[in-house]
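Novice: Everything in the sequence shown is counted per my numbering, starting at 162 for the first residue and increasing by one. Handing you a structure now.
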Amino acid sequence: METRTDTFIKEVRENLTSNILPYWLQLKDPRGGFYGEVTSSGAVQYDAPRGVILNARLIWSFAAAYGTLRDTRYLTAAVHARDYFLEHFCDHKYGGVYWSVSADGERLDTKKQLYAQGFAIYGLSELYKVTQDDEALKNAINLYKVVEAYFADPVNGGYIEALARDFSPLEDMSLSAHDINADKTMNSHLHILEAYANLYQVWPDEELKSRVEALLDLIGTRVMAPSGHLQLYFRRDWSVLPGGVSFGHDIETSWLALECAFALKDADVVNRVRPWSLVMGAAGNQGLLPDGSLRYEQLLDGSFDDSRQWWVQAETVVGNLWLWKYHADAAAFDRAQACWSYIREHLVDLAAGEWWWAVLPDGSLDLSQPKAGFWKCPYHNTRMCLQVLGIFS
Numbered sequence: 162m163e164t165r166t167d168t169f170i171k172e173v174r175e176n177l178t179s180n181i182l183p184y185w186l187q188l189k190d191p192r193g194g195f196y197g198e199v200t201s202s203g204a205v206q207y208d209a210p211r212g213v214i215l216n217a218r219l220i221w222s223f224a225a226a227y228g229t230l231r232d233t234r235y236l237t238a239a240v241h242a243r244d245y246f247l248e249h250f251c252d253h254k255y256g257g258v259y260w261s262v263s264a265d266g267e268r269l270d271t272k273k274q275l276y277a278q279g280f281a282i283y284g285l286s287e288l289y290k291v292t293q294d295d296e297a298l299k300n301a302i303n304l305y306k307v308v309e310a311y312f313a314d315p316v317n318g319g320y321i322e323a324l325a326r327d328f329s330p331l332e333d334m335s336l337s338a339h340d341i342n343a344d345k346t347m348n349s350h351l352h353i354l355e356a357y358a359n360l361y362q363v364w365p366d367e368e369l370k371s372r373v374e375a376l377l378d379l380i381g382t383r384v385m386a387p388s389g390h391l392q393l394y395f396r397r398d399w400s401v402l403p404g405g406v407s408f409g410h411d412i413e414t415s416w417l418a419l420e421c422a423f424a425l426k427d428a429d430v431v432n433r434v435r436p437w438s439l440v441m442g443a444a445g446n447q448g449l450l451p452d453g454s455l456r457y458e459q460l461l462d463g464s465f466d467d468s469r470q471w472w473v474q475a476e477t478v479v480g481n482l483w484l485w486k487y488h489a490d491a492a493a494f495d496r497a498q499a500c501w502s503y504i505r506e507h508l509v510d511l512a513a514g515e516w517w518w519a520v521l522p523d524g525s526l527d528l529s530q531p532k533a534g535f536w537k538c539p540y541h542n543t544r545m546c547l548q549v550l551g552i553f554s
């Protein structure tokens, strides 16, 4: 008899292999890379600019999917993404990666965002895991050295949010329209941590290990507030700037920080991070709603944005599975399954593939946002599926 867990695993695998990945495979541009945007109505914007985050995450998603599923279509797609990325997003004069290029591969926004360098390292190091591609590893290491040379703050610790193409200071360092202009951010430090830990698994350099440890300590002692919620924005000296509560980042960081600690294979580091992980997971789950989903955020005025963003739901599933597996929270398994049920019923587009951006507080779909674009990528939901398959393997 098929158990509830069996059904959960089967549904998630089916969603990955029949809904998410096929959607992105069809967006390969035969001239190179992937198309930059698809509207919520399904219209491919062939001339749309191409963002570094989408393209780096495509490398990671297809490489990671190949690592688990061994479907050669995914490996071919990862290599296709890599070729375009190395040619067009990498700055062959100054180093680092650009923020965006045109549909023809010409430079558009040449700023060097810390967050983008992180995802480039993350994608290329993941590709090396499954291919032993020396070019991918060489570029990932070079990007790590760029981050350490130009973004690292030797006085206060951590990393500067963004720099100009030639690594001179930028007046506006904000990551997106949703973010404020801050010297340092939670989000970029989380994903540099993730990238460095992934790189360490294929390049176990002692200096790199020390950087991962330092980042983990920053998450636990600077970024996480006593409440367990993550503080979002900081001045250079780590004094806190006003920000709300991002429940999705709380729950994401709760498991991702622990995974990064595991990557170092150092029991002392794991034991230091584990209690922080538990506290952050509990803080994130404060955003749970009765239908099993997780609300987006709490604003500075104390009000809530109860939209159900696609990435927040994916992280809620993974975060609660980690609370169940690594913190002995028996109820977390039910929370993960409840959130998956919400995703399956409300966010998965069974007709056209992929997931919708969000469900609005009134229950309607947010059709103002794209199905694919600068920020709408197959990273969070592919990773959720692979985490589920890995946890129960």
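We treat Cβ as the ideally placed atom computed from N, Cα and C, and that holds for glycine.
For Gln459, which residues in the same chain have their Cβ closer than 6 Å to its Cβ, ignoring the five residues on either side in sequence?
Specialist: Gly405, Val406 and Phe465
Novice: Can you tell me whether Val262 is buried or exposed? The criterion is at least 16 other CB atoms within 10 Å of its CB, across all chains shown.
Specialist: buried
Novice: My output table needs one value for Tyr394: the three-state DSSP class, helix, strand or coil.
Specialist: Assignment of Tyr394 by DSSP, reduced to helix, strand and coil, places it in the strand class.
Novice: Do Trp483 and Ser388 come within 9 Å of each other at the CB atom, strictly closer than that value?
Specialist: In this structure, Ser388 lies away from Trp483, with their beta-carbon atoms at least 9 Å apart.
Novice: Go ahead and pull the three-state DSSP assignment for Ser525.
Specialist: Residue state, collapsed to three classes: coil.
Novice: Could you please give me the residues that DSSP links to Leu455 through a beta bridge?
Specialist: DSSP, once it has assigned bridges, lists Leu449 as partnering Leu455.
Novice: So, at 7 Å on beta carbons, what are the nonlocal neighbours of Asp314 in its own chain, with the 5 sequence-adjacent residues on each side left out?
Specialist: Tyr320, Ile321 and Arg397
Novice: Quick check: the Cα distance between Ala238 and Gly463, rounded to an integer number of angstroms?
Specialist: 44 Å
Novice: Assuming Gly551 is part of the alpha helix (DSSP H), what are its boundary residues?
Specialist: Tyr540 to Ile552
Novice: Let me know if Arg558 comes out buried or exposed under the rule of 16 or more other beta-carbons within 10 Å of its beta-carbon.
Specialist: A query on residue 558 cannot be resolved here, the shown segment of the chain reaching from 162 to 554 and no further.
Novice: Counting pairs of Cβ atoms below 8 Å between the segment 321 to 336 and the segment 281 to 298, do you hit three or more?
Specialist: no
Novice: Are there three or more Cβ pairs, one per stretch, closer than 8 Å when the segment 339 to 349 is compared with the segment 263 to 272?
Specialist: Contact fails: fewer than three Cβ-Cβ distances are below 8 Å.
Novice: Kindly confirm or deny that the segment 352 to 369 and the segment 277 to 286 touch, where touching means at least three C-beta pairs closer than 8 Å.
Specialist: yes
Novice: Along the chain, where does the alpha helix (DSSP H) that runs through Asn176 open and close?
Specialist: Arg165 to Asn176
Novice: Leu188 to Phe195, Cα distance in whole Å?
Specialist: 6 Å
Novice: Can you tell me where the alpha helix (DSSP H) holding Gln362 begins and where it ends?
Specialist: First-last of the alpha helix (DSSP H) with Gln362: Met347 to Val363.
Novice: Between the C-alpha atoms of Trp399 and Arg383, what's the straight-line distance to the nearest angstrom?
Specialist: 7 Å
Novice: Among the candidates Gly228, Asn542, Ala375 and Lys537, whose CA atom is the shortest distance from the CA of Lys290?
Specialist: Checking every option, the nearest Cα to that of Lys290 belongs to Gly228.
Novice: Start and end of the alpha helix (DSSP H) containing Trp221?
Specialist: Val213 to Leu230
Novice: To the nearest whole angstrom, what separates the beta carbons of Leu215 and Ala301, a pair I think is in contact under 8 Å?
Specialist: About 18 Å; that fails the 8 Å criterion.
Novice: Consult DSSP for Pro183 and reduce its assignment to one of helix, strand or coil.
Specialist: Correct three-state label for Pro183: helix.
Novice: Alpha carbon to alpha carbon, how far is Arg544 from Leu177?
Specialist: Spanning the alpha carbons of Arg544 and Leu177 requires a straight line of approximately 9 Å.
Novice: With burial defined as no fewer than 16 other Cβ atoms inside 10 Å of the residue's Cβ, what is the status of Gly203: buried or exposed?
Specialist: exposed
Novice: Note down the Cα distance separating Glu198 from Lys299, rounded to an integer number of angstroms.
Specialist: Answer to the nearest angstrom: the Cα atoms are 30 Å apart.
Novice: Give the C-beta separation of Tyr259 and Asp265 to the nearest angstrom, bearing in mind that I take them to be a contact with Cβ-Cβ under 8 Å.
Specialist: With a Cβ gap of about 14 Å, Tyr259 and Asp265 do not count as contacting.
Novice: Can you have a look at Ala224 and say buried or exposed, based on whether 16 or more other CB atoms are within 10 angstroms of its CB?
Specialist: buried
Novice: When we look at the beta-carbon of Pro531 and count the other beta-carbons within 10 Å, is it buried (16 or more) or exposed?
Specialist: buried
Novice: Grouping DSSP H, G and I as helix and E and B as strand, with all else coil, what is Asp466?
Specialist: strand
Novice: Compare the beta carbon distance of Leu377 and Ala338 with 9 Å and say whether it is the shorter of the two.
Specialist: no
Novice: Measure the beta-carbon distance from Ala443 to Gln362 and round it to whole angstroms, keeping in mind my assumption that it falls under 8 Å.
Specialist: Contact doesn't hold; Cβ gap of about 28 Å is too wide.
Novice: Tell me the DSSP bridge mates of Leu324?
Specialist: Lys273 and Pro330
Novice: Could you tell me if Leu236 is buried or exposed, where buried requires 16 or more neighbouring beta carbons within 10 angstroms of its beta carbon?
Specialist: Here Leu236 is buried. Its C-beta has 16 or more other C-beta atoms within 10 Å.
Novice: Mind reading off the beta-carbon distance from Glu420 to Asn180? Whole number of angstroms is fine, and I expect it under 8 Å.
Specialist: The distance from the Cβ of Glu420 to that of Asn180 is about 25 Å, inconsistent with a contact at the 8 Å cut-off.
Novice: Alpha carbon to alpha carbon, how far is Pro365 from Asp167? Give it in angstroms, no decimals.
Specialist: 36 Å
Novice: If you follow the alpha helix (DSSP H) that Gly194 is part of, which residue opens it and which one closes it?
Specialist: Gly194 -> no alpha helix (DSSP H), and no H or E assigned at all.
Novice: Where does Met385 fall in DSSP's three states?
Specialist: strand
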